[in-house]
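Numbering (full-length UniProt numbering), first residue to last: 1 to 230.
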């Protein structure tokens, strides 16, 4: 078995809604190995996106621990968590979240440009390669408003990969796309997973995408169901 790159232990997340406390995650554990493709499936409100945000260090668990490459990072401050995200994690969302005032090339290069050790020329070269890899070498100077939905999602995918992350976290990456475009994005994800030897953890309602994973985990009301297990 390959190395564990992401390890979540007994994750609990509780939100305060007025005078009530709502347990969204109720003690989940999960290990993701290098190069592994894991899909998480569940009804809306089951806690899938909350879990993904916590695994990616965008939020902290109420209880539990998260390890990235054997180093605990859930308890770090926002700056330190941000640095680790930039080094080891890639994110793709249902909505692309591209910066509208910047070109496709600039959007993709941005994560590398945030690193003080990376020069613009190097970031630009890596961004150009990834945009070519996702079939958008002819769209480098186009801004998001000049791109189709599928093209914007491809730019977002290139941006997530430009740092060569060990783990890709994706929240409904094909949710806003038509069937044919979704199929193309899905095939591209698989190709790039192989090229970069990265783990992928994807939240999805897309049955075809879920079935292609090495493992499917089913979430019900903040817990793994008996149908799927870590």
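All residues carry an ideal CB built from backbone N, CA and C; glycine is no exception.
Can you name, in chain order, every residue of its own chain whose Cβ lies under 8 angstroms from the Cβ of residue i, other than the five neighbours on each side?
i, result
"residue 143", "100, 101, 102, 103, 104"
"residue 46", "219, 220, 221, 222"
"residue 17", "none"
"residue 10", "27, 28, 29, 63, 64, 65"
"residue 73", "57, 66, 67, 80, 81, 84"
Between the options, which lies nearest to residue i when the distance is taken from Cα to Cα?
i, options, result
"residue 71", "225, 111, 43, 6", "6"
"residue 201", "97, 214, 107, 60", "214"
"residue 223", "148, 28, 207, 134", "28"
"residue 148", "35, 117, 181, 188", "181"
"residue 188", "131, 26, 145", "131"
"residue 49", "166, 13, 4, 113", "13"
"residue 31", "3, 146, 75, 211", "3"
"residue 179", "164, 207, 191, 198", "207"
"residue 157", "42, 89, 8, 69", "89"
"residue 167", "198, 85, 74", "198"
"residue 145", "107, 60, 211, 8", "107"
"residue 44", "138, 205, 84, 79", "205"
"residue 115", "121, 83, 138", "83"
"residue 192", "211, 135, 117", "135"
"residue 175", "164, 159, 195, 209", "209"
"residue 61", "23, 121, 87, 150", "23"
"residue 33", "69, 15, 118", "69"
"residue 15", "59, 39, 119", "59"
Between which two residues does the beta strand (DSSP E) carrying residue i extend?
i, result
"residue 69", "It is not in any beta strand (DSSP E) - residue 69 carries neither H nor E in the DSSP assignment."
"residue 287", "Only positions 1 to 230 of the chain appear in this structure, which leaves residue 287 out of reach."
"residue 162", "Here residue 162 belongs to no beta strand (DSSP E), and DSSP marks it neither H nor E."
"residue 215", "215-220"
"residue 175", "From DSSP, residue 175 is part of no beta strand (DSSP E); its letter is neither H nor E."
"residue 199", "199-203"
"residue 44", "Neither: residue 44 is in no beta strand (DSSP E) and is coded neither H nor E."
Using a Cβ-Cβ cut-off of 6 angstroms (strictly less than) and excluding sequence neighbours within five positions of residue i, which residues of its own chain qualify?
i, result
"residue 93", "171"
"residue 37", "200, 213, 214"
"residue 123", "109, 112, 113"
"residue 173", "92"
"residue 85", "57"
"residue 138", "none"
"residue 225", "218"
"residue 159", "107, 108"
"residue 21", "14"
With the cut-off set at 8 angstroms, would you say residue i and residue j are in Cβ contact?
i, j, result
"residue 161", "residue 55", "no"
"residue 57", "residue 19", "no"
"residue 154", "residue 98", "no"
"residue 185", "residue 41", "no"
"residue 52", "residue 203", "yes"
"residue 140", "residue 128", "yes"
Check for me: the alpha helix (DSSP H) holding residue i runs from which residue to which?
i, result
"residue 49", "48-55"
"residue 58", "Neither: residue 58 is in no alpha helix (DSSP H) and is coded neither H nor E."
"residue 207", "207-211"
Can you list, in chain order, the residues of its chain with a C-beta nearer than 7 angstroms to that of residue i? Leave out the 5 residues immediately preceding and following it.
i, result
"residue 164", "196"
"residue 120", "113"
Whole runs of the alpha helix (DSSP H) within the stretch 106-170, excluding any shorter than 4 residues: 120-133, 149-161
Quick check on the DSSP output: what are the complete alpha helix (DSSP H) runs of length 4 or more inside the stretch 70-104, in order along the chain? Here the runs fully enclosed are 78-88.
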